[in-house]
Structure formats: structure tokens, C-alpha cells
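One structure is given below, encoded as C-alpha cells.
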Amino acid sequence: MYLASLTWKKLEESISEETIGLIPLGSVEQHGPLGPLGTDYMIPEELAKRIEAAYPDRVLLVPTMPYGVCPYHTSFPGTIDMGLEVLAEVMTRIAMGLMNAGIKKIIFLNGHGGNGPSLDKAALAVYNRGGIAAIVDWWVLAGQLNSTWAGGHGAGQETSVMMAIKPDLVHMKDFFPAEIHHLSDTLQNTHISTVFFGKGSVRVIRNVKDVTSNGAYGGTDVPEKANAPWGKEIIEGVSAYLVNFTEEFLKVSHIYRSDEA
Ligand SMILES: [Zn+2]
32 MYLASLTWKK LEESISEETI GLIPLGSVEQ HGPLGPLGTD YMIPEELAKR
82 IEAAYPDRVL LVPTMPYGVC PYHTSFPGTI DMGLEVLAEV MTRIAMGLMN
132 AGIKKIIFLN GHGGNGPSLD KAALAVYNRG GIAAIVDWWV LAGQLNSTWA
182 GGHGAGQETS VMMAIKPDLV HMKDFFPAEI HHLSDTLQNT HISTVFFGKG
232 SVRVIRNVKD VTSNGAYGGT DVPEKANAPW GKEIIEGVSA YLVNFTEEFL
282 KVSHIYRSDE A
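In our numbering, the protein residues as written are 32 to 292.
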């Protein structure tokens, strides 16, 4: 069921303790020369539709929150940054609105790394009010499910998924190679904010344009290798996992709390 299409009365009749509120969110930000600015919310929205389709009576799909936290992308035109505090407040209010309707369980289906701290804050607000919230970072999940599905920003992984779901929005002909500015000769960027050294990596935050001149970067995951069949494989694999996860999350009925009588 889709929140915006229901009347309040139909919603009231449809909600039970089991119902999951599913909130897709992302970011409107530059995605290199190939991908649309809405990449980060369009992919979670597509995944969320597939989850809702699997459990139409038990999952309440909420309109997508398109904007997120992306201050490091603003050197490129079209990027809209909500800031950490604003996003935390907006996501908390959306969650509280669902809880007011009787929802106890929420899934934040996230498409953008910068949203993490704001979502943690919103999820804790849900918990402190007696509910529980799960946060899914789909692109991280993709790399865990299959190492060949891992990817970077505006690189092969994301661009391929966009080619699979909205092919008209990807512009392969506009590709031009990026000039990559690693932190130093020995501290090489494997992602925009990840620098590899020895056997491990550390996060180093810079303005995106200072790392990659075209805005896209994913180390070995290069945008030129993007193709629709690869994207289809990724989105189908991730959505199959999420449908199974949702089934288990629907079953969660009692969560231990140390202060319970
Ligand atoms: Zn992205």
C-alpha cells in the first residue's frame, strides 16, 4: 500500500502491529557526466516499490524523500544539500507521523552515504518511542552480496543500475575521463573519501571536485564499464535480498529492552 494514495480511514483499517513503514530516501547531487542528479533517490525508490509489491498488505510505502546530505558535492551544479541537522529532523518527523498512525516498525531505504548520521538519529528517535527502525544502504549491501556488485560514486555500479531502470536518463556519450588527485603518492584514493594504505583504508574528507574532475569515482569500478545487464543483475539481487529481509523484519514482534518490568 502507498501512503499518499490511501484515505486516513483506509490507512487506519490497514495498519497492524506488524505493518512496516518503508521510507526510501537519497540525494539530489551530481553523479558524474553520465548519471542523473536523482540517481541516489531513484534507485531506492525502485527497490522500495519491489518490496511493497511483495507485501502489499503489510508494507506501507511512503513518498520518497529525494534530498539528502551532500555538502562535498556542491562545487558541481544541480546539487542540493539539506545538511545533517535538517535531514535528521525531516526523517524523524516522517517517522513520527507514521508512529502516530500506529506504525511500530520502519525501514529507511537509503541511497546515499552522507545520510547515515541523520538516519541514525531518526532511527534512535523511533526506538526511544517504543518502535524499531532498520537502515538499508543498498550500495553497501550490493557489494556484500556479491563482490562484483560493489561500486563507487557515479561509477559503473550506480550507472549500470540506472541503465537498467531508467535507461533514457544515462548519457554514455557524454563520458570524459576524470583527472584523479590522490592524497599523495603513497596514500591513493580508492573511493572519493577513502584512502588506502598498507592493508587497510582510512576515510579522508575532501571536496569532491578536488578528488575527481568529472565528479565520478569508484577506484576499480569505472563508469565506462556501465551496462544495463549488469545493473539488472544488481538490482534483482539486492531486491531479492531485501524482500527476504522484510519477511523476517515483519516477524519481529518483541524487542528486548533492559528497562522493561
Ligand atoms: Zn550515488
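Note that beta-carbon positions come from the ideal geometry of N, C-alpha and C, so glycine has one too.
- Under DSSP, the beta-bridge partners assigned to K136 are I51, I163.
- The beta carbons of I51 and K136 sit about 5 Å from each other, so the pair counts as a contact at 8 Å.
- Close CB contacts of T123 within its chain, under the 6 Å cut and outside five residues either way in sequence, are with A153, A156 (chain order).
- Annotated three-state conformation of F107 is coil, per DSSP.
- When C-alpha distances from H202 are compared across N159, G99, F280, E255, the shortest belongs to E255.
- Straight-line spacing of the CA atoms in A181 and Y158 works out to 31 Å.
- Going by beta carbons, I134 and I286 fall outside the 9 Å limit.
- In this structure, the C-beta of D199 stays at least 8 Å away from each heavy atom of ligand 1.
- According to DSSP, H222 shares a beta bridge with T225.
- Remark: the C-beta of S224 is outside contact range of ligand 1, defined as less than 8 Å to any heavy atom.
- Under the DSSP definition of a beta bridge, M96 partners with L56.
- For R89, there is no enclosing beta strand (DSSP E), as DSSP gives it neither H nor E.
- In this structure, the CA atom of H222 is about 37 Å from the CA atom of A35.
- In this structure, ligand 1 has no non-hydrogen atom nearer than 8 Å to the beta-carbon of E77.
- Taken atom to atom, the span from the alpha-carbon of K230 to that of L218 is near 12 Å.
- A straight-line Cα-Cα distance of about 7 Å links V269 and L172.
- Contact between the region 33-49 and the region 57-73 is not established, with fewer than three Cβ pairs separated by less than 8 Å.
- Within the DSSP secondary-structure output, H62 pairs in a beta bridge with G66.
- Rounded to whole angstroms, the gap between the alpha carbons of W39 and P198 is 36 Å.
- Going by DSSP, G128 is part of the alpha helix (DSSP H) stretching over 115-131.
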